[in-house]
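Worksheet: the structure to be examined is printed underneath.
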Amino acid sequence: MTKQRYFHFSLGPVQEFVGKARRLRDYWTGSYLLSYLTEQAMDEVCRHGNIVFPPYKKNNKLTENNPSYEIGSFPNRFQANVPMDFEPTCCEKRVKDTWKKIADYVWTKYIAKVAPLGKNTKEIWERQVEGFWYMQWVLADEEDDALLDKRKNWRSYIPTVEHGDKCTLFGNLQEISGYIRSSKKGEGKKQKEFWEEMRLRLDILDLKEGERLSAIALIKRLFPQAYNDLKGTTTIPENFPSTTYMSSISWKKEVVNKEEKLAIAFLKEAKKLKKSSSEAKAGIQALDKIAGENKELKGFISLDGNCFYSHTLLNDNLWEDSTRTVRENLERKLININKKVGFEPDTYYALLSMDGDKIGAVLKEYKCKKEQISKKISAFSESVPGIIKKHNGRVIYAGGEDVFAILPVDTAIDAAVELRNKYTELFELVFNSKEIATISAAIIFAHHHAPLNKVYTEIQSLLDNKAKDEYGRASLAIGIWNTGGPHLSWAMPWRKFINDTEGNLLSELAKTFGKTDEAVSISNSFIYKIKRDFSLLANDSFLNSEEILDLLTAEYIRSRAKSNKELTKKQVRPYMEKLLKICSIYYRDDKGVIGKQKDFNIDGALLVKFLARRWHR
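Position one of the sequence shown corresponds to residue 23 (this note's numbering), numbered consecutively onward.
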């Protein structure tokens, strides 16, 4: 047997690159580009050895015949077996060459003609392109999955902070015009002229008013066009649905399904708008199915998401002044459509983030099953796009056991549960247990005008700090983010709210309380009454859980007395029992055993109320 060495490789920075975004398209592009560069290193290794983890098939790469080509599917690190004479610098060179090729194309096509209007623009560009990525690798004679992590402990990445006016997205980098607005030399005017000229040369989606970008941000923003042009074919999509578009999916579904004539009339008027962005090819399964081959309905569901809300239609900052009359006509049509379908477009969407729990520790403990684990992770990753699509969402990233996606509010929890069940099912076949390899998730229900970068930071915190650390893994954490910031947070271990029929208590209660039947609806007065009294009840040592349940049932009946005097304890108590369970606070001890605290979290009831209002959609 030929002797071999063990190679570990990592490309970064991850959060500094992916997490700097103004819109969903930026997150998707950042994830895809990072995945693409990592794949270049993996492909280079395959010329000499073979990838051990994560799963990698040379004939099914991101760029070649991959049915999931539009999803970044490779994590930023990998392990490989290589021959004794393997030279790791070949991976670094491959990544750098690929990156430079993309950067050079963006410069030549989009930046070079504007650069003379700037101050040292070329120098700024080259400095940022050359110094942004860092690669770490370890080559060892013995297998040790933690070698790369050990190296990272003594070689940390410290981002460079440049002088001058900063990039709108990458706050540590200088924007490429090179001018300083505060300068006494009148540079503010020159900076404005530079970016006005840049906007004239780019699509409205690529550079909006007020954006001043670094080389890294521009390459990230323009990567889809650059990649497709370099390839000579449209291989990856150049657009991605907006948060506003995703918020209105359930409403659009109802309109297209039941009010076709009104939808077509709305489209006819909307065509008069100028500089409206198209959301064509959003890839939402329910909408595509209903629209079918009807070009007019396809046109309706492809309209800029801002067309479907009165407050955005009438916002002059989003449209040309000359379209005011058109927009006022559209608003009247919109009000009429809302009356016909019975509700307005939702103003919230859902972000879903999932990650396998302690997968490194599992790989270390079960080295003999490494190949099996790798195959199951691959199978899970391959299942993600189909499950998310089924629930009318779009995948932003799906690599290994890591998932990041956007969905409508009313399908997000069911999608998360189905993905969790899939992950558990796959690894139960390996370990004959559901508790060895688990996955945690976080969902943020965010207002479509909430700052996307802050929402992204919050969902990562929910996943890492609440679902994984506070609840000990195998949990779901949920937050609601209004325009003013976080509104509530809730978390629970999966197996405490997923029932035997593979449904879940949250969706069940939302469906129950979302009905128009007065016998099962839930009122604001009831929610806020228990919010005020719950903590007192929970801390009252004289009351047990059954007595608290009785009090909750009695309060619900009292809150509904005016509208429904026939309610009985027998009718109401089962619903209150489920609601109380959702409001319970659980914990996981050092041995992994789940226990329940005496306190309650009223955010569980508020979450049910939030979901119930959207269930009929």
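Glycine included, every Cβ here is placed at the ideal spot set by N, Cα and C.
Q: Entirely within the stretch 331-370 and at least 4 residues each: give me those alpha helix (DSSP H) ranges in chain order.
A: 332-335 and 346-363, all fully within the stretch 331-370.
Q | Simplified DSSP state of Lys311, which is helix, strand or coil | A | Along the sequence shown, read from residue 1 onward, the residue named residue 311 stands at position 289. DSSP, reduced to helix, strand and coil, places Lys311 within a helical segment of the structure shown.
**Q.** Length of the line joining the Cα atoms of Leu633 and Pro515
**A.** As a working note, residue 633 is residue 611 in the sequence shown. As a working note, residue 515 is residue 493 in the sequence shown. Going from the Cα of Leu633 to the Cα of Pro515 covers about 19 angstroms.
**Q.** Delimiting residues of the alpha helix (DSSP H) encompassing Ala383
**A.** Numbered from its first residue, the sequence shown carries residue 383 at position 361. Where Ala383 is concerned, the enclosing alpha helix (DSSP H) stretches over Ile381 to Glu387.
**Q.** Residue of Gly186, Asn72, Asp625 and Lys600 minimising C-alpha distance to Pro508
**A.** The residue labelled residue 508 in the question sits at position 486 within the sequence shown. Measuring from the Cα of Pro508, the nearest candidate turns out to be Asp625.
(Q) Nearest by alpha-carbon distance to Asp326: which of Pro35, Asp368, Lys293 and Lys207 is it? (A) As a working mapping, residue 326 is identified with position 304 in the sequence shown. Restricting attention to Pro35, Asp368, Lys293 and Lys207, the CA atom closest to the CA of Asp326 is found in Lys293.
**Q.** Closest Cα partner of Asn475 within the set Ala137, Glu114 and Leu191
**A.** Counting from 1 along the sequence shown, the entry for residue 475 is found at position 453. Closest option to Asn475, Cα to Cα, is Leu191.
Q: Check Tyr445 in the structure and name its three-state DSSP category.
A: By 1-based counting over the sequence shown, the position of residue 445 is 423. Residue state, collapsed to three classes: helix.
Q: Please determine, among Trp273, Leu451 and Lys397, the residue with the shortest C-alpha to C-alpha distance to Phe365.
A: What you label residue 365 is simply residue 343 of the sequence shown in a count that begins at 1. It is Trp273 whose Cα lies nearest to the Cα of Phe365.
Q | Cut-off 7 angstroms between Cβ atoms - residues of its own chain near Tyr578, not counting five sequence neighbours on either side | A | Counting from 1 along the sequence shown, the entry for residue 578 is found at position 556. If we look at Tyr578 and ignore the five residues flanking it on each side, its Cβ neighbours are Phe548, Val594 and Met598.
Q) If you compare alpha carbons, which of Val151, Lys141 and Val104 is closest to Asp126? A) Reading the sequence shown from its first residue, position 104 is the one you call residue 126. Comparing Cα-Cα distances from Asp126 to each of Val151, Lys141 and Val104, the minimum goes to Val151.
Q. Counting along the chain, where does the beta strand (DSSP E) carrying Val74 start and finish?
A. Residue numbering aside, residue 74 sits at position 52 when the sequence shown is read from its first letter. Note, Val74: beta strand (DSSP E), Asn72 to Phe75.
Q. Between Ala472 and the rest of its own chain, which residues show a CB-CB distance below 6 angstroms, the 5 nearest in sequence each way excluded?
A. Along the sequence shown, one-based indexing puts residue 472 at 450. Here the set comprises Trp503 and Thr505.
Q | Where Lys400 sits in the DSSP three-state scheme | A | As a working note, residue 400 is residue 378 in the sequence shown. The sequence as given places Ser at residue 400; Lys does not occur at that position. Helix, per DSSP.
Q | Proximal residues to Glu197 (C-beta, below 7 angstroms), its chain only, five neighbours per side dropped | A | Here residue 197 is taken as the residue at index 175 of the sequence shown, counted from 1. Same-chain partners within the cutoff: Asp187, Lys188, Cys189, Arg234, Leu235 and Ser236.
Q: Tell me whether the beta-carbon of Tyr371 lies closer than 8 angstroms to the beta-carbon of His470.
A: In the sequence shown, counting from the first residue as 1, residue 371 sits at position 349. In the sequence shown, counting from the first residue as 1, residue 470 sits at position 448. Yes; because the gap between Cβ atoms is below 8 angstroms, this pair is in contact.
Q.
Using DSSP's beta-bridge definition, name the partner residues of Val425.
A. The count along the sequence shown starts at 1 and reaches residue 425 at position 403. Per DSSP, Met376 and Ala420.
Q: Mind checking who Gln196 pairs with in its DSSP beta bridge?
A: Within the sequence shown, residue 196 is the residue found at index 174, counting from 1. The partner list for Gln196 (beta bridge, DSSP) reads Lys188.
Q. Just the Cα atoms here: how many angstroms apart are Ser405 and Val425?
A. Residue 405 sits at position 383 when you count from the first residue of the sequence shown. Residue 425 sits at position 403 when you count from the first residue of the sequence shown. Computed Cα separation, rounded: 11 angstroms.
Q) For Lys618, which beta-bridge partners are listed by DSSP? A) Along the sequence shown, one-based indexing puts residue 618 at 596. Partner(s): Tyr608.
Q) beta strand (DSSP E) containing Pro263: first to last residue? A) Counting from one through the sequence shown, the residue named residue 263 turns up at place 241. Boundaries for Pro263: no beta strand (DSSP E) harbours it, and the DSSP string shows neither H nor E there.
Q | Cross-strand partners of Gly485 (DSSP beta bridge) | A | Taking the sequence shown and counting its residues from 1, one reaches residue 485 at position 463. Looking at the sequence provided, one finds Leu at residue 485 rather than Gly. Looking at the DSSP output, Leu485 shares a beta bridge with no other residue.
Q: May I have the straight-line CA-CA distance separating Ser95 from Arg416, to the nearest angstrom?
A: In the sequence shown, counting from the first residue as 1, residue 95 sits at position 73. In the sequence shown, counting from the first residue as 1, residue 416 sits at position 394. Cα to Cα, Ser95 sits roughly 14 angstroms from Arg416.
Q) Exposed or buried, Ser396, counting other C-beta atoms within 10 Å across all chains shown (16 or more means buried)? A) Start at 1 with the first residue of the sequence shown, and residue 396 comes out as number 374. Under this definition Ser396 is a buried residue.
(Q) Does Glu114 pass the burial test, meaning 16 or more other C-beta atoms within 10 Å, or should it be called exposed? (A) Here residue 114 is taken as the residue at index 92 of the sequence shown, counted from 1. Glu114 is buried by the Cβ-count criterion.
Q. Among all the DSSP beta bridges, which residues are the ones paired with Ala292?
A. Taking the first residue of the sequence shown as position 1, residue 292 is located at position 270. Ala292 pairs with nothing; no bridge assigned.
Q) If you compare alpha carbons, which of Lys456, Thr460 and Thr479 is closest to Ile466? A) Mapped onto the sequence shown, residue 466 falls at position 444. Closest in alpha carbon position to Ile466, among Lys456, Thr460 and Thr479, is Thr479.
**Q.** Proximity winner among Tyr493, Trp512 and Ile124, relative to Asp612 (alpha-carbon distances)
**A.** If you number the sequence shown from 1, residue 612 lands on position 590. The residue with the shortest Cα to Cα distance from Asp612 is Tyr493.
Q) Any heavy atom of the ligand ATP within a distance shorter than 7 angstroms of the CB on Asn487? A) Absent from the structure shown: the ligand ATP. Ligands present: none.
Q) According to the Cβ coordinates, are Leu56 and Ile418 closer than 8 angstroms? A) Taking the first residue of the sequence shown as position 1, residue 56 is located at position 34. Taking the first residue of the sequence shown as position 1, residue 418 is located at position 396. It is not a contact, given that the beta carbons lie outside the stated cut-off.
Q: Please state if the CB of Phe288 and the CB of Lys391 are separated by a distance shorter than 8 angstroms.
A: By one-based count along the sequence shown, residue 391 stands at place 369. By one-based count along the sequence shown, residue 288 stands at place 266. Cβ atoms of Lys391 and Phe288: not closer than 8 angstroms.
Q: On the DSSP bridge assignment, give the partners of Asn504 in chain order.
A: Position 482 of the sequence shown, counting from 1, holds the residue named residue 504. Under DSSP, Asn504 forms a beta bridge with Gly507.
Q. Cα-Cα, which of Leu429, Phe402, Ala438 and His413 is closest to Gly422?
A. As a position in the sequence shown, residue 422 is number 400, starting the count at 1. Cα-wise, what sits closest to Gly422 is Phe402.
Q.
For the stretch 123-143 against the stretch 65-75, do three or more pairs of beta-carbon atoms, one drawn from each stretch, fall closer than 8 angstroms, so that the two count as touching?
A. Flag = no, the stretch 123-143 and the stretch 65-75 do not touch.
Q | Whether Asn103 touches Val36 by CB criterion (8 angstroms) | A | Numbered from 1 along the sequence shown, position 81 holds the residue referred to as residue 103. Numbered from 1 along the sequence shown, position 14 holds the residue referred to as residue 36. Going by C-beta atoms, Asn103 is not nearer than 8 angstroms to Val36.
**Q.** Anticipated Cβ contact below 8 angstroms, Leu139 with Phe29, distance rounded
**A.** Residue mapping note: residue 139 aligns to position 117 of the sequence shown, counting from 1. Residue mapping note: residue 29 aligns to position 7 of the sequence shown, counting from 1. About 46 angstroms separates the two Cβ atoms, so there is no contact after all.
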